[in-house]
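Those protein sequence lines, which keep their order, are chains A and B.
In this text, residue positions in the first sequence follow my numbering: the first is 275, and each later residue adds one.
In this text, residue positions in the second sequence follow my numbering: the first is 11, and each later residue adds one.
Everything below concerns the one structure shown next.
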Amino acid sequence: MDKGAYDVATSSTVIDTNDTIAKRWRRATEEPAWIRVTLITISLIFVALFLLLPLSVVLYGAFEQGISVWYDAIRDPDAMSAIRLTLLIVAIVVPLNTLFGVAAAWAIAKFEFRGKPILISLIDMPFAISPVVVGLIFVILFGSQGWLGPWLSAHDLRIIFAVPGIVIVIAFGTLPFIARELIPLMQQQGKEEEEASLTLGANGWQTFWHVTLPNIKWGLIYGVILCNARAMGEFGAVAVVSGRIRGETNTMPLHIEVLYNEYMFTAAFAVSSLLTGLALVTIAIKSVVEWQEERQQRLAAA
Amino acid sequence: MAATLVKRRVIPGFGLTMGFTLLYMGLVFFIPVGAFLLYTTTMSWDTFWSAITQRQVVASYKLSFGGSLIAATINLVFGALLAWVLVRYRFPGKRLIDALVDLPFALPTAVAGIALVTLYASTGWVGQYLDVFGIRVAYTQLGVVIALTYIGLPFVVRTVQPVLEDLEAELEEASASLGADRLTTIRRVIFPALFPALLTGYALAFARALGEYGSVVFISGNIPFRTEITPLLIVAKTEQYDYHGAAAIGTVMLVAAFMMLLLINGLQWWTSRRHG
């Protein structure tokens with residue numbers, strides 16, 4: 275931006291007045307240096323206070339007493355069972371939501387139908403609903419005093435205060451993430467490439483695997499990893515439906531809460547550090563994806 | 011005409027993908043939400059009304075709505091500033107900060123919660139200095155606002171940033187060459203272009219803050235009538251098997267969320283129409 279303004283000034287003026295005119299141009303489309311420095315400083319203070327300090331306090335708290343204390347906190351049986359349960363849940367939820375995201379994006383991006391904007395808004399909706407309301411919805415449906423409670427207990431099935439309840443609230447809460455990532459991407463890419471592939475004789479699956487998937491690869495990877503991070507970290511909805519049974523229905527975030535409430539701060543931060551690492555990986559992958567997209571755009575433009 | 015017929019048939023899989031989309035959303039989303047709303051309608055109006063107007067509940071609305079408004083406003087100011095600085099200026103560490111903006115979105119809320127209360131407790135890294143000035147954050151309404159600001163931080167930045175990037179330099183140059191000073195250009199050219207995006211980001215940050223639970227409950231201390239947010243009361247009532255009370259308050263929150271979503275969709279439509 276500033277470079278562009280400078281170019282205009284230099285190319286259209288006599289050489290010995292270059293500097294003054296360039297300066298005048300910069301004054302007109304840029305802020306003075308002291309304002310720039312002030313704005314950058316305020317932003318950096320805000321970022322340090324709200325982003326860097328919370329991140330540092332987690333990592334400091336986790337490793338303050340050395341790596342062996344950290345390791346012991348992770349190897350604690352309750353922590354291990356929380357980690358195992360969390361991994362089991364994402365192993366169910368993430369593939370389901372991936373399938374949903376790809377299917378929804380395919381239907382929305384490759385076809386025209388009535389009510390499309392409404393469907394897109396509906397996909398966004400779980401994101402706007404409070405996680406505790408999500409939990410409550412399923413307690414009302416499957417809880418002991420809920421709609422299906424009596425039928426479920428008659429058949430000896432447990433959903434609330436058990437793993438299926440946790441799986442379904444997390445599936446609900448993370449429903450939009452992959453779809454939201456893929457829909458705009460696939461809409462932007464259009465359908466010419468798929469049509470070409472099909473016209474050349476490939477079938478639908480071949481076209482999807484060899485044409486569509488390579489095109490949406492990076493967006494899909496980011497969507498999956500974001501969905502995974504949010505699924506592992508889901509707290510409010512799980513707090514309502516899990517019943518917090520130690521070693522049974524405690525996921526990692528619930529275990530962090532239990533440890534914190536029992537004043538086992540180092541252990542709480544140790545388990546937190548795992549999820550924090552995952553969050554950092556998630557935003558790193560997002561940066562890589564954006565960098566890839568920029569590169570592709572530059573290549574396309576060249 | 012024949013061409014359109016053929017064209018429509020070229021890409022397969024509409025029935026399969028649309029069918030799966032609707033089936034999955036139906037099972038996970040539509041049926042449960044529908045059943046929940048149906049459950050609320052089985053309550054008598056008096057039960058519903060008295061549940062949502064209990065004094066403790068009303069106090070929690072004031073904190074949840076008021077706190078979310080303040081937090082979204084803080085995010086509006088600092089989010090716009092951050093977006094501006096990230097798009098317009100060059101400084102060391104810019105890429106890193108740009109990436110870090112998404113941290114509140116990716117970090118589990120429970121982790122954010124214990125991190126914030128540890129920072130702002132009267133012995134914490136930040137809290138001990140605020141304590142000198144008699145400012146208490148942990149276990150006060152100020153703490154709730156801090157947590158809500160934290161989780162809403164990415165939204166204004168991420169809605170304003172792309173609009174600012176697409177803003178044409180020619181407009182500012184034209185404004186400047188017509189004699190406007192920098193402040194006038196910002197006020198009359200840049201601000202109107204950013205306005206819909208600012209409003210969208212504000213609404214998103216507000217909606218997110220309104221329903222937030224995990225990052226708030228640690229720092230708030232959950233003192234009745236003072237630092238209880240509405241989602242906390244829903245959890246408390248569910249744990250006491252007061253399903254009617256919980257469902258009534260949950261319905262209020264659900265309706266608020268629907269209304270926010272409608273507003274956000276309207277705003278996004280407005281934004282895309284102005285920049286489309």
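For each residue, glycine too, the CB sits at the ideal point set by N, CA and C.
Assign residue i to one of three DSSP states: helix, strand, or coil.
i                 : result
Leu431 of chain A : coil
Ser54 of chain B  : coil
Phe205 of chain B : helix
Thr150 of chain B : coil
Tyr537 of chain A : coil
Phe235 of chain B : coil
Val121 of chain B : helix
Tyr251 of chain B : coil
Met11 of chain B  : Confidence at Met11 of chain B is low in this model, with a pLDDT of 42, below 50, so the placement of that residue should be treated as unreliable; the coordinate-derived value is given next. Three-state DSSP puts Met11 of chain B in coil, outside helix and strand.
Gly268 of chain A : Outside the displayed span of chain A (275 to 576) sits residue 268 of chain A, for which this structure offers no information.
Ile21 of chain B  : coil
Tyr345 of chain A : helix
Ala190 of chain B : coil
Arg569 of chain A : helix
Lys277 of chain A : With a pLDDT of only 43 at Lys277 of chain A, under 50, the local geometry of the prediction cannot be trusted, and the value read off the model is given with reservation. Note: Lys277 of chain A maps to helix in three-state DSSP.
Ala5 of chain B   : Because chain B is modelled from 11 through 286, residue 5 of chain B falls outside the range shown and cannot be assessed.
Asn275 of chain B : helix
Asp352 of chain A : helix
Gly224 of chain B : helix
Pro328 of chain A : helix
Leu449 of chain A : coil
Gly36 of chain B  : helix
Ala576 of chain A : coil
Ile403 of chain A : coil
Ser546 of chain A : helix
Ser418 of chain A : coil
Pro42 of chain B  : helix
Please name the residue, chosen from the options, that lies closest to residue i on a Cα-to-Cα basis.
i                 : options                                   : result
Ala122 of chain B : B:Ile156, B:Gln138, B:Gly89 and B:Leu96   : B:Ile156
Phe101 of chain B : A:Leu325, A:Ile394 and A:Leu313           : A:Leu313
Glu178 of chain B : B:Ala266, B:Leu158, B:Arg98 and B:Ala61   : B:Arg98
Ala365 of chain A : A:Val498, A:Trp425 and A:Gln566           : A:Val498
Tyr212 of chain B : B:Phe165, B:Arg192, B:Phe58 and B:Leu33   : B:Phe165
Met526 of chain A : A:Leu362, A:Val413 and A:Ala322           : A:Leu362
Ile316 of chain A : B:Trp94, B:Arg197 and B:Ile233            : B:Trp94
Gln171 of chain B : B:Thr128, B:Phe143, B:Phe205 and B:Ala81  : B:Phe205
Phe24 of chain B  : A:Ala347, A:Ala378 and A:Asp352           : A:Ala378
Ala267 of chain B : B:Asp252, B:Thr281, B:Ala219 and B:Ser282 : B:Ala219
Met538 of chain A : A:Val512, A:Trp308 and A:Ala353           : A:Ala353
Ile414 of chain A : B:Val262, B:Phe46, B:Gly29 and B:Ile274   : B:Phe46
Leu329 of chain A : B:Leu91, B:Thr57, B:Arg65 and B:Leu126    : B:Leu126
Gln64 of chain B  : B:Ala258, B:Met269 and B:Thr169           : B:Ala258
Arg284 of chain B : B:Ser185, B:Asp176 and B:Glu249           : B:Asp176
Tyr149 of chain B : B:Pro234, B:Ala116, B:Ser78 and B:Leu181  : B:Pro234
Using 8 Å for Cβ pairs, my map puts residue i next to residue j. What's the rounded Cβ distance?
i                 : j                 : result
Tyr534 of chain A : Phe228 of chain B : 7 Å
Leu456 of chain A : Leu494 of chain A : 6 Å
Leu73 of chain B  : Thr237 of chain B : 7 Å
Val254 of chain A : Ala541 of chain A : Because chain A here runs from 275 to 576, residue 254 of chain A falls outside it and cannot be looked at.
Phe281 of chain B : Thr195 of chain B : The residue you asked about is not Phe; residue 281 of chain B is Thr in the sequence shown. Between Thr195 of chain B and Thr281 of chain B the Cβ distance is about 21 Å, and since that is not below 8 Å, they are no contact.
Leu271 of chain B : Glu222 of chain B : Actually they are not in contact, since the Cβ atoms of Leu271 of chain B and Glu222 of chain B sit about 16 Å apart, beyond 8 Å.
Gly181 of chain B : Val199 of chain B : It is Leu, not Gly, that sits at residue 181 of chain B in the sequence shown. That pair is a contact at about 5 Å.
Legend entry - Segments of 3+ residues assigned as beta strand (DSSP E) that fall wholly inside the segment 366–392 of chain A: none
Legend entry - Residues of the segment 164–178 of chain B whose Cβ lies closer than 7 Å to any Cβ of chain A, in chain order: Within the segment 164–178 of chain B, no residue qualifies.
Legend entry - Under 7 Å (Cβ pairs) to chain A, residues found in the segment 231–245 of chain B: Pro241, Ile244 and Val245
Legend entry - Contact list for the segment 262–283 of chain B against chain A, Cβ threshold 7 Å: Met263, Leu264, Ala267, Met270, Leu271 and Asn275
Inset, instruction - Can you check the segment 454–542 of chain A for any alpha helix (DSSP H) of at least 4 residues that lies completely inside it and give the ranges in chain order? - result: 466–473, 478–481, 487–507, 510–516 and 526–535
Legend entry - Cβ-based contacts, 7 Å cut-off: residues of the segment 52–83 of chain B near chain A: none
Inset, instruction - May I ask you to list, following chain order, the residues of the segment 529–549 of chain A that have a beta carbon less than 8 Å from some beta carbon of chain B? - result: Ile530, Glu531, Tyr534, Phe539, Ala542, Phe543, Ser546 and Leu549
Inset, instruction - Return the chain-ordered ranges of every alpha helix (DSSP H) run that is complete within the segment 125–185 of chain B and spans a minimum of 4 residues. - result: Fully enclosed alpha helix (DSSP H) runs of 4 or longer: 137–142 and 151–176.
Inset, instruction - Using a Cβ-Cβ cut-off of less than 9 Å, give me the residues of the segment 352–376 of chain A that come near chain B, in sequence order. - result: Leu370, Asn371, Leu373, Phe374 and Val376
Inset, instruction - Give, in chain order, every residue of the segment 122–148 of chain B whose Cβ lies closer than 9 Å to some Cβ of chain A. - result: Ala122, Gly123, Ile124, Ala125, Leu126, Val127, Thr128, Leu129, Gly134, Trp135 and Val136
Legend entry - Interfacial residues, the segment 302–332 of chain A to chain B, with Cβ spacing under 7 Å: Ala302, Thr303, Glu305, Arg310, Leu313, Ile314, Ile316, Ser317, Phe320, Val321, Phe324, Leu325, Leu327, Pro328, Leu329, Val331 and Val332
Legend entry - Contained alpha helix (DSSP H) runs [length at least 4] in the segment 59–111 of chain B, N- to C-terminal order: 65–98 and 104–110
Legend entry - chain B contacts made by the segment 454–474 of chain A, where a contact means CB separation under 8 Å: If the cut-off is 8 Å between Cβ atoms, the segment 454–474 of chain A has Lys465, Glu468, Glu469, Leu472 and Thr473 near chain B.
Legend entry - Chain-ordered residues of the segment 502–525 of chain A with a beta carbon less than 8 Å from chain B: Correct list: Ala503, Arg504, Met506, Gly507, Glu508, Phe509, Gly510, Ala513 and Val514.
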